[in-house]
Amino acid sequence: MKLYVSPRAPNPRRVTMFIAEKNIRGIEEVIVNLSDNEHKGAAYVAKNSFSGVPALELDDGRVLSESRAICTYLEGLHPEPNLMGMTFDECAFIEMADRRMELSLFGSIANCIRHTHPGLSALEQPQFHDFGHSQGEKMLVVARWLDQHLANTEYVAGDRFTIADITAFCALEFARGLMKFNPGELGLPHLHAYRDRISQRQGV
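Counting from 498, one number per residue, gives the positions in the sequence shown under the numbering used here.
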């Protein structure tokens with residue numbers, strides 16, 4: 498299989514972190530240069546008509562895109578260590594936590610960066626700066642909620658590491674790099690400690 502990724506892009510990092518947690522070997526990484534619009538070139542669009550990264554090219558030639566879908570496929574192939582739930586009810590609660598992190602935390606961070614950071618102007622046209630700044634404020638609301646949530650639990654979805662933690666951590670790292678987001682400086686000690694704890698995991 499081949500995994501199409503782009504350095505520093507947060508969604509591919511979610512999948513590579515998932516792969517590292519499961520210690521999956523043998524997936525070839527192929528770099529897609531977003532700055533050169535390689536993801537919009539004919540060769541890549543022929544594989545993934547949605548033009549995004551990551552994308553996983555299967556051995557039979559089919560191409561699976563979207564981070565969560567790729568992780569679901571890999572979880573099926575490599576069920577241990579389990580990251581998405583053992584029973585139907587655990588799967589549901591982990592998915593709830595993961596979707597909260599993806600839509601409310603990750604989504605707000607991505608929109609803020611895409612519409613306010615000058616380095617993203619070539620990829621996000623047009624940029625709407627007011628919208629971007631408003632998304633940054635919404636991200637802080639979610640970060641404060643998550644800080645309180647983590648005061649009572651070690652991980653986002655409960656008492657063990659799951660895909661929800663991968664999504665949350667990659668979101669926080671994206672914000673740390675391009676929004677200069679530092680939970681400790683904003684009075685979010687539980688979120689700060691969580692970020693530091695996850696960063697010590699192998700394969701991060």
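Note that the Cβ used here is the ideal one computed from N, Cα and C, for glycine as well.
Taking all protein chains shown into account, decide if P551 is buried (16 or more other Cβ within 10 angstroms of its Cβ) or exposed. buried
Looking only at C-alpha atoms, which of I521, D656 and L683 sits nearest to R641? L683
At the level of alpha carbons, what is the spacing between A515 and S631? Checking the sequence shown, residue 515 turns out to be Phe, not Ala. Roughly 31 angstroms separates the two Cα atoms.
So is H536 buried or exposed if we call it buried at 16+ other beta carbons inside 10 Å? Buried, by the Cβ-count rule.
Closest Cα partner of S601 within the set G681, E518 and L669: Considering only alpha carbons, the answer is L669.
Between the CA atoms of K519 and G674 - distance to the nearest angstrom: 26 angstroms
What residue range does the beta strand (DSSP E) around I567 cover? No beta strand (DSSP E) holds I567; the alpha helix (DSSP H) holding it covers S564 to L574.
Three-state secondary structure assigned by DSSP to A619: coil
At 4 residues or longer, and completely inside the stretch 628-679: list those alpha helix (DSSP H) runs for me, N to C. 660-675
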